[in-house]
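Novice:
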Amino acid sequence: MAKKHLVMVIDLKRCIGCNTCAMACKVENNVPDGIWWNRVLTVGGESMDTPDGTYPNLQMQYLTMACQHCENPACVKVCPVGATYKREEDGIVVQDYDRCIGCRYCMVACPYTGVRQFNWQEPAYQLDFAVGDAAVPAHQTDTVEKCTFCFHRLGQGLLPACIEQCPARARHFGDLKDPDSDVSMVLRSRSHFQLLAEKGTKPSVYFLT
Amino acid sequence: MAQAQRARLVIAVQRSWLRETLHYLLSDLSAEIVSVQTLDDLLDAIRQPTTAVIVDIFGYQQPYAAVLDALRLNAPAVPIAALLSTGTIEYRDAVVHGGANAVIVMENAYEELIPRIVQLLRGKRCNTYISRLLEKQKNIIQLKAKEVQLMDDVKDVHEQSGLSRRTFLKGTAAAGVSTAVLASSSGSIVQALAEGVEQRSLAAEAEEQIFNGVCRPNCWESCRLHAHVRNGRVVKVSMAPMADPRYNRICLRGMTHIQRMYHPDRLKYPMKRAGERGEDKWEQISWDEAISMIVDRFTGIREEYGDSALAFLPISGNYGAVHGSGGIAVKMQNALGATAIDPCVDLAFPVGIDRVIGGYPFMHSNEPADMANSRTIIVWGSNIAESQIHNWHFVADALEKGAKLVVIDPMFTSTAAKADIFVPIRPASDVALALSMMQVIIEEDLTDKPFLRDHTVSPFLVRADTKRFLRQSDITGEAVEEGEEDPFIVWDADADEAGVLAEVANPALEGTFEVEGISVTTAFSLLKELTDQYVPEEAAKLTDVRPEQIREIARLYATNTPSMLYPGFGPDHYDNGQFHGHALATLAGLTGNIGKPGAGAGMFIGGAAVNYAGIMFPPDFHAGPSVPILKLRSVIETGEYNGQPYPLKALYVHCANPLSNTADQREWLDHILPGFDFIVVADTVMTDSARYADLVLPVAHWFEVNEVVTQGNHPIAMIQEKAVEPAYEAKSDVDIMNLIAPGLGVGDSFTMTDAELIDVVLDSDALRAFDITPETLREQKSIRFMADPFIYGEGGVVPTATGRVQFYVEDPKPRLDYGQDFDPGAERLPYFRPPAEAWPENPLYEKYPLVATQEHTRWRVHTQFFNIPWLRELDPEPVIKLSPEDADARGIETGDYVEAYNDRGHVVLKAIVSSGMRPGLVNIPKGWQRNQFREGGYQELTKSYLNPVTINQSFFDVLVEVRKV
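Protein chains in written order, with our numbering: chain A, 1 to 209; chain B, 1 to 965.
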């Protein structure tokens, strides 16, 4: 039994797709060029920031996508070397670069396309020094990487970067096992959904509608 | 899985320096390292499972071939790296043929060792070791290339380590870092390699310091940030708490300052032009040479043509009070008596709203946090969700409390996606819609009568002859002494006679009367006469908005109160822009939606009452004249302004990129710039404007100076602490001005540092009233400078001549007076008038049937952030968005490259087909340099119309055609 169940709750009514969460993640974790752990998708037309429908009867919604830190994670089951595993203490799904052999089974197994990224080449950066938090592990060639719920920040008593920097105040984070936590309360009071709930992965990311 | 086991490396090297180097290199790989001396020991060692062998192949008594044979025989699968020297290099091929998997020349060890080991390990799939080795190799190369830079870092570390208050130790003490770095400047390979290792491990543990920062481009938002510094470089930017936490803020752009500061294209040193203007050929020069060049050219031009032949051009690139658009360079302009170029941007709306409720230019509404109290929010010509990201959460708060959101925009924006009602309006017809809403509100008797009576000019009587308000002196015939009050006359509805405003309890709001033989009509009746022409069915023909929808939003606005009108600069960017401001304030006046929480009709781009005079005006200054940017071509070409000779010869551009941010780029390229003999551009990066300069000055980034920021979309003053020294040879605007001042004879006025100038700026009683002093601000970093809450025109008393909402303007004035003609009669009420170009009745519409707008997106702020790699990963290149109808008609699909063109110019860029685009409207999101387009430039399409009242750039009043290329 996990001591905590850390979850993320994203309010789609407040989210404006501004990409600040995506950028906060990218910088905090010194994510290599071309790789985004947290992306903003447009639910609408075919291109980014375009709606669905016929002018002027249109709809558009933004959805931020990162690792869902599932309670029943498909990635963990298929990893042949135990490089991806679920932390006992808080339910975070962790990716250990040093153990990863780059087989990418986890990427195939994960139903949330794109949340796991693979370094096909040596991680490249525009800058010749590491940015973000110094405690972030170095990125490695031939390994899979993804959102960590900023576990390096949790240890310092901080919230994940995307939660703290969100200018729309649209993101919540906390322990779902604590009935008085922000996330428990907001989930009790608002309608919500999880992505691909029918797959049985039990994601730890909830979206308020 | 090989990966799961610990790697085992056997090293057989005789030379001790090389053996030690190898150990250093491999020491933190957590691999097992076995060092052996004799061949027997080596052969013995490889009997155990071994990942690789590194062997000094000529270090044994046995011939090299025998050594290789022995290795192959005893461990056929173990990769071998053979070490040669320059003396034995000719054996390279032979050694490889003999069975070595890699060859390393010992003298080149620092370059070859790691790549070769990596090569060996690749076959073994030792990811961890490979990536660590590669990281190390990078460090070694950097060490070699950056000895000088590292020395600078040492200096920084020492300087910063004194600031213990802001210091967050994360392990090794700073002194350790500097020792390692210092040592790196002395040479041997061993040392370099050793220090490479040490440097890297220390870098990870180096202390992190946090400095207070402020992001301050012209997005209005002015975010207080934290700049995190390690090893003398900013490595992270994060949100910092505001004095009022409702205003805590950061956006995606704010976090990318690191890539602005250390971008390879950052301007690094002064450069003078070495080819034709715009050819992008440069010669690096010293600051001394740059300074004397400016001094010589400026002095020569002043002597020959006079002080005003020098012109300074700031726009809005920096909200800092010391280094910004109204800072130290303006002081220089005033010290020299140089011409101030008025940039003429975003000023039509201010002209219009200021007539009615005051607050020119940008301060005519409640503080943004108050929006949470609104029950109806009408966002009109703005895309809050992208261009004022930080105001969005106040709207979201209101919506959570049940408020309604109406978005009036020709495009379906990210804000429109959140609206309860999206009003898809024809571009530039906003005033017709506003007049129609007024018609509905008046017709359905939804006005706020007490407010009309007490807080607007509704009951004022307008003379049919002079069009001015009737005053007591008009009746008595006695002129009033200067400074004496001349009371307004109203019609007493109860007594049915004229009376003095203050003495009439129930003035008539409507009617035409005769007073002492003077025919007068109430201001309200004149307005009603105008609005009667815009019943929704009529307005629908102009606005293309359904009559039912006009009635719906008018009723919502007037009844679901308090209501907030949230305008943007969309409608401002047409030739009829002033009437948008005029009309919105009128709507607010009719319904009493001003001067109370949750209501308003304008903008809040606040600014504290800092001591601007102290920084902008030196003692005994002689401020030069001002020339509007829209007159620049004519002044250049005729050599005259206002009918007087006016040579303009030198241009100093700061906090601005006029070439890609002002209208009609070809006019700049072909007519304006060639007219100047000498152009200096001070910037952090090579912009279009810098590319056409004669001299380019590298300016310090915002985090590289001391600064104070008191302007923005919140009532909070903030301090910028210098986080790092300016990169390369960049200098702050203050330092640049201090350097050129003595040669120009004004040295006495330019002696202060940026930190000292902060003290000057903050020397203000208005600030001290809120306990803001240099000391308190340095201590607290951000302090609120307004009462909480700030309600504009509280109680309905607005800062106008009458203290009332003056929707009828008796004496309209142009924004600037340069002797131009204009028709005051066309300005007194919020008249709808088609724009200059972008309107179906314009004959040009036959040839160019598409209106071209420039959305301000989240990806840039004007042209700032145009080259940030992180942002360009998400938004890689310029695009034009078209409706499916317009795209189909031209055979255009998403991803095609298309040309947008008109008689002024053209641009070639990628097309995106979006159903969010109104048919007949195209959108080129703003903020690129010319070399980012396939051809041309987006500002080539825009035209510099000169509206004689607003003297404002009409960026969207543009017609184009688009074709596939």
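For glycine and all other residues, C-beta sits at the position ideal for the given N, C-alpha and C.
Can you tell me whether DSSP reads valine 746 of chain B as helix, strand or coil?
Specialist: Counting from 1 along the second sequence, the entry for residue 746 of chain B is found at position 746. Note: valine 746 of chain B maps to coil in three-state DSSP.
Novice: Could you tell me which of B:Asn506, B:Ala464, B:Glu510 sits nearest to serine 458 of chain B, measuring between CA atoms?
Specialist: Locating residue 458 of chain B in the second sequence gives position 458, where the first residue counts as 1. Ranking the options by Cα distance to serine 458 of chain B, first place goes to B:Glu510.
Novice: For the beta strand (DSSP E) containing methionine 421 of chain B, list its first residue and its last residue.
Specialist: As a first step, residue 421 of chain B must be located in the second sequence, where it is residue number 421. It is isoleucine, not methionine, that sits at residue 421 of chain B in the sequence shown. Counting along the chain, the beta strand (DSSP E) containing isoleucine 421 of chain B begins and ends at 421-423.
Novice: Counting only the same chain and skipping the five closest in sequence on each side, list residues whose C-beta sits under 6 Å from that of tryptophan 859 of chain B.
Specialist: The residue you call residue 859 of chain B lines up with position 859 of the second sequence. Closer than 6 Å at the Cβ level, and outside the excluded window around tryptophan 859 of chain B, lie Leu871, Asp875.
Novice: Please confirm whether valine 504 of chain B and aspartate 492 of chain B have their CB atoms less than 8 Å apart.
Specialist: Counting from 1 along the second sequence, the entry for residue 504 of chain B is found at position 504. Counting from 1 along the second sequence, the entry for residue 492 of chain B is found at position 492. For valine 504 of chain B and aspartate 492 of chain B, yes; Cβs fall inside 8 Å.
Novice: For the beta strand (DSSP E) containing aspartate 342 of chain B, name the first residue and the last one.
Specialist: Start at 1 with the first residue of the second sequence, and residue 342 of chain B comes out as number 342. First-last of the beta strand (DSSP E) with aspartate 342 of chain B: 339-342.
Novice: Figure out for me which residue from A:Arg87, A:Asp128, A:Pro56, A:Pro80 has the closest Cα to the Cα of glycine 102 of chain A.
Specialist: For the purposes of this step, residue 102 of chain A is taken as residue 102 along the first sequence, with counting starting at 1. Comparing Cα-Cα distances from glycine 102 of chain A to each of A:Arg87, A:Asp128, A:Pro56, A:Pro80, the minimum goes to A:Pro80.
Novice: So, for glycine 98 of chain B: in the same chain, excluding its five sequence neighbours on each side, which residues have a beta-carbon less than 8 Å away from its beta-carbon?
Specialist: Position 98 of the second sequence, counted from the start, is the residue given in the question as residue 98 of chain B. Only Tyr64, Ala65, Leu68, Asp69 meet the Cβ criterion.
Novice: What would DSSP say about glutamine 61 of chain A, mapped onto helix, strand or coil?
Specialist: Position 61 of the first sequence holds residue 61 of chain A. Three-state result, glutamine 61 of chain A: strand.
Novice: What separation, rounded to the nearest whole angstrom, lies between the Cα atoms of phenylalanine 524 of chain B and phenylalanine 832 of chain B?
Specialist: Taking the first residue of the second sequence as 1, we reach residue 524 of chain B at position 524. Taking the first residue of the second sequence as 1, we reach residue 832 of chain B at position 832. The straight-line gap from Cα to Cα measures roughly 17 Å.
Novice: If we count the other Cβ atoms within 10 Å of its Cβ and call it buried at 16 or more, is alanine 274 of chain B buried or exposed?
Specialist: Residue 274 of chain B sits at position 274 when you count from the first residue of the second sequence. A residue is called buried once 16 or more other Cβ atoms fall within 10 Å of its Cβ, and alanine 274 of chain B, having fewer, is exposed.
Novice: Does any CB atom of chain B fall closer than 8 Å to the CB of leucine 127 of chain A?
Specialist: Looking up residue 127 of chain A in the first sequence gives position 127. At least one CB atom of chain B sits nearer than 8 Å to the CB of leucine 127 of chain A.
Novice: What are the residues that DSSP puts in a beta bridge with valine 490 of chain B?
Specialist: In the second sequence, residue 490 of chain B corresponds to position 490, counting from 1. DSSP output for valine 490 of chain B lists B:Gly499 as bridge partner(s).
Novice: So, for serine 914 of chain B: in the same chain, excluding its five sequence neighbours on each side, which residues have a beta-carbon less than 6 Å away from its beta-carbon?
Specialist: Working through the second sequence from its first residue, we reach residue 914 of chain B at position 914. Around serine 914 of chain B: Lys881.
Novice: Taking just the CA atoms, how far does glutamine 165 of chain A sit from threonine 20 of chain A?
Specialist: Residue numbering aside, residue 20 of chain A sits at position 20 when the first sequence is read from its first letter. Residue numbering aside, residue 165 of chain A sits at position 165 when the first sequence is read from its first letter. For threonine 20 of chain A and glutamine 165 of chain A, the distance between alpha carbons rounds to 7 Å.
Novice: Report yes or no: is there a C-beta of chain A within less than 8 Å of the C-beta of isoleucine 389 of chain B?
Specialist: Here residue 389 of chain B refers to the residue found at position 389 when the second sequence is read from its first residue. Contacts with chain A at 8 Å (Cβ-Cβ) include isoleucine 389 of chain B.
Novice: Which of the residues in the stretch 235-256 of chain B, read from start to end, lie with their CB under 9 Å from any CB of chain A?
Specialist: Val235, Lys236, Val237, Ser238, Met239, Asn248, Arg249, Ile250, Cys251, Leu252, Arg253, Gly254, Met255, Thr256
Novice: What is the DSSP secondary structure of isoleucine 378 of chain B, reduced to helix, strand or coil?
Specialist: As a working note, residue 378 of chain B is residue 378 in the second sequence. It is a strand residue.
Novice: Going by DSSP, what residues sit across from leucine 6 of chain A in a beta bridge?
Specialist: Position 6 of the first sequence holds residue 6 of chain A. The partner list for leucine 6 of chain A (beta bridge, DSSP) reads A:Asp175.
Novice: Below 7 Å on C-beta distance, what does leucine 58 of chain A contact in chain B?
Specialist: Locating residue 58 of chain A in the first sequence gives position 58, where the first residue counts as 1. Residues of chain B with a Cβ closer than 7 Å to the Cβ of leucine 58 of chain A are, in chain order, Phe412, Ser915, Gly916.
Novice: Along the chain, where does the alpha helix (DSSP H) containing alanine 523 of chain B start, and where does it finish?
Specialist: Taking the second sequence and counting its residues from 1, one reaches residue 523 of chain B at position 523. Segment 523-531, the alpha helix (DSSP H) holding alanine 523 of chain B.
Novice: Quick check: what's the CA-CA separation for valine 705 of chain B versus aspartate 759 of chain B?
Specialist: For the purposes of this step, residue 705 of chain B is taken as residue 705 along the second sequence, with counting starting at 1. For the purposes of this step, residue 759 of chain B is taken as residue 759 along the second sequence, with counting starting at 1. Cα to Cα, valine 705 of chain B sits roughly 14 Å from aspartate 759 of chain B.
Novice: Nearest CA to the CA of valine 515 of chain B: which residue from B:Pro625, B:Asp620, B:Ile475?
Specialist: Position 515 of the second sequence, counted from the start, is the residue given in the question as residue 515 of chain B. If we check each option's Cα against that of valine 515 of chain B, B:Ile475 comes out closest.
Novice: Does any residue of chain A bring its CB to less than 8 Å from the CB of glutamine 711 of chain B?
Specialist: Position 711 of the second sequence, counted from the first residue, corresponds to residue 711 of chain B. Residue-level contact check: glutamine 711 of chain B does not touch chain A, since none of the beta carbons of chain A fall below 8 Å from its beta carbon.
Novice: Can you confirm whether threonine 201 of chain A, when its beta carbon is compared against all beta carbons of chain B, has any partner nearer than 8 Å?
Specialist: As a position in the first sequence, residue 201 of chain A is number 201, starting the count at 1. No, its Cβ sits nowhere closer than 8 Å to a Cβ of chain B.
Novice: Under 8 Å by Cβ, that's how I've got phenylalanine 469 of chain B and phenylalanine 451 of chain B pegged, so tell me the actual separation to the nearest angstrom.
Specialist: Indexing the second sequence from 1 puts residue 469 of chain B at position 469. Indexing the second sequence from 1 puts residue 451 of chain B at position 451. Taking a contact as a CB-CB distance under 8 Å, the pair phenylalanine 469 of chain B and phenylalanine 451 of chain B does not count as one, their CB atoms being some 19 Å apart.
Novice: Can you name the residues of chain B whose CB is closer than 9 Å to the CB of glycine 157 of chain A?
Specialist: Translated into the one-based positions of the first sequence, residue 157 of chain A becomes position 157. Here the premise fails: no neighbours, minimum Cβ distance about 13 Å.
Novice: In the DSSP assignment, what residue or residues form a beta bridge with threonine 84 of chain A?
Specialist: Within the first sequence, residue 84 of chain A is the residue found at index 84, counting from 1. Paired residues: A:Gln95.
Novice: Restricting to Cα atoms, I'd like to know which of B:Asp354, B:Thr256, B:Gly358, B:Lys404 is closest to asparagine 373 of chain B.
Specialist: To locate residue 373 of chain B, count along the second sequence from 1; it is residue 373. When each option's Cα is compared against that of asparagine 373 of chain B, the closest is B:Lys404.
Novice: In chain A, which residues lie less than 7 Å from leucine 874 of chain B when you measure between Cβ atoms?
Specialist: Taking the second sequence and counting its residues from 1, one reaches residue 874 of chain B at position 874. Taking a Cβ-Cβ threshold of 7 Å, the residues of chain A close to leucine 874 of chain B are Asn19, in chain order.
Novice: Please list the terminal residues of the continuous alpha helix (DSSP H) segment that includes glutamate 537 of chain B.
Specialist: By one-based count along the second sequence, residue 537 of chain B stands at place 537. Here the alpha helix (DSSP H) through glutamate 537 of chain B covers 536-543.
Novice: Alpha carbons only, please: which of A:Lys202, A:Cys75, A:Ala197 is nearest the one belonging to aspartate 96 of chain A?
Specialist: Sequence index remark: in the first sequence, residue 96 of chain A carries index 96 (1-based). Just measuring C-alpha positions, the residue of A:Lys202, A:Cys75, A:Ala197 sitting nearest aspartate 96 of chain A is A:Cys75.
Novice: Taking valine 610 of chain B as the reference, which of B:Ala558, B:Asp771, B:Leu739 has the closest Cα?
Specialist: Counting from one through the second sequence, the residue named residue 610 of chain B turns up at place 610. The option with the nearest alpha carbon to valine 610 of chain B is B:Asp771.
Novice: Once the 5 residues before and after glycine 187 of chain B are set aside, which same chain residues still bring their CB inside 8 Å of it?
Specialist: Taking the first residue of the second sequence as 1, we reach residue 187 of chain B at position 187. For glycine 187 of chain B, the predicted model reports a pLDDT of 36, less than 50, meaning its position is unreliable; a value from the coordinates is still stated below. Closer than 8 Å at the Cβ level, and outside the excluded window around glycine 187 of chain B, lies no residue.
Novice: Give me, in chain order, the residues of the same chain whose beta-carbon lies closer than 8 Å to that of threonine 209 of chain A; leave out the 5 immediate sequence neighbours on both sides.
Specialist: Within the first sequence, the letter at position 209 stands for residue 209 of chain A. Counting only Cβ-Cβ distances below 8 Å, and skipping sequence neighbours, we find Leu12, Lys13, Arg190, Ser191, His192, Phe193.
Novice: Mind checking leucine 193 of chain B: buried by the 16 CB within 10 Å criterion, or exposed?
Specialist: Taking the second sequence and counting its residues from 1, one reaches residue 193 of chain B at position 193. Note that leucine 193 of chain B has pLDDT 42, beneath the 50 cutoff, so the model's placement of it is unreliable and the number below is only indicative. Buried is the call here.
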